[in-house]
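Contents: one structure, followed by commentary.
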Amino acid sequence: MSSSRNTSGSQRRGRQSSGEARTTTDGGTTREGQLKADDYRSRMPDVAARKRIEKKYFELIGEKISWDPEITSKIGYLRKLWNIHSQLVKRTGVAVDPSSGQIDMVETWWSDRIAEYGGTKGRLVHVLQKKPLPFKDLLDQIFGEHDVDQDERYSPHMLGLQLQQFHVVLLSA
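So for the sequence shown, numbering that gives the first Met the number 0 puts the first residue at 0; every next one is plus one.
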């Protein structure tokens with residue numbers, strides 16, 4: 000199955016531009032990985048990108064993983080958790096600790112939300128009660144409606160600034 004890639008410079012949602020690094024910290028170590036926008040269709044990596052991610056994970060961690068079912072189920076879980084978190088935060092009067100991102104509400108409020116959502120969603124609410132949403136900024140980028148940085152990057156104003164910088168570089172060369 001072949002797909003044409005959008006290289007015209009139009010808006011792309013939920014992605015970083017080619018060459019931008021994402022930094023993660025686990026323990027005391029910092030790891031950086033390059034994610035190319037060319038490897039992505041809508042929001043999920045294509046087959047070649049999946050293989051590259053599996054290979055990079057093996058190089059960094061030393062464990063072999065396969066995209067299906069391990070990563071697919073983790074992404075699905077994080078998407079559900081992100082959706083529930085977004086719904087809870089949008090409620091009136093919800094307090095969020097700015098340093099940790101933890102929703103800070105009384106026990107009765109949590110009990111009411113768990114009962115309201117019930118079943119699997121109730122279990123996700125219980126998870127959010129105990130700990131903050133992991134990788135919130137990254138999940139906002141992936142699952143969010145749009146990427147503000149991406150929108151600014153392709154605005155006429157930003158294009159004008161880039162052309163001015165390019166012109167200055169040409170004159171000094």
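Note that CB positions come from ideal geometry on N, CA and C, so glycine has one too.
- Under a 10 Å Cβ-count criterion, Ile64 is classified as exposed, with fewer than 16 other Cβ atoms of the shown protein chains found around its own Cβ.
- Apart from the 5 residues on each side of it in sequence, Gln101 sits with its Cβ closer than 8 Å to the Cβ of Val95, Lys130, Pro131 in its chain, given in chain order.
- For Thr107, the uninterrupted alpha helix (DSSP H) run begins and ends at 106–116, by DSSP.
- Judged by DSSP in its simplified three-state form, Ile102 adopts strand.
- Nearest in C-alpha terms to Asp103, of all of Lys120, Asn82, His125, Thr119, is His125.
- In the three-state reduction of the DSSP assignment, Pro133 falls in the coil class, being assigned neither a helical nor a strand state.
- Judged by DSSP in its simplified three-state form, Pro68 adopts helix.
- In terms of Cβ geometry, Leu87 and Arg112 form a close pair [threshold 8 Å].
- Burial state of Ile60 is exposed, judged by a 10 Å Cβ sphere holding fewer than 16 other Cβ atoms.
- Separation of the CB atoms of His84 and Leu127 is rounded to 6 Å, and the pair is thereby assigned contact status at 8 Å.
- Taking the Cα positions, Ser72 is about 9 Å away from Trp66.
- Under the DSSP assignment, Lys89 falls outside any alpha helix (DSSP H); it carries neither an H nor an E label.
- Under the DSSP assignment, Val95 falls outside any alpha helix (DSSP H); it carries neither an H nor an E label.
- With distances taken between CA atoms, Pro133 lies nearest to Trp81 out of Gly117, Ala114, Trp81, Ser98.
- By the criterion of a C-beta distance shorter than 6 Å, Phe57 is surrounded in its chain by Lys63, once the five residues flanking it on both sides are discounted.
- If you look at Glu62, you'll find it isn't in any alpha helix (DSSP H); DSSP assigns it neither H nor E.
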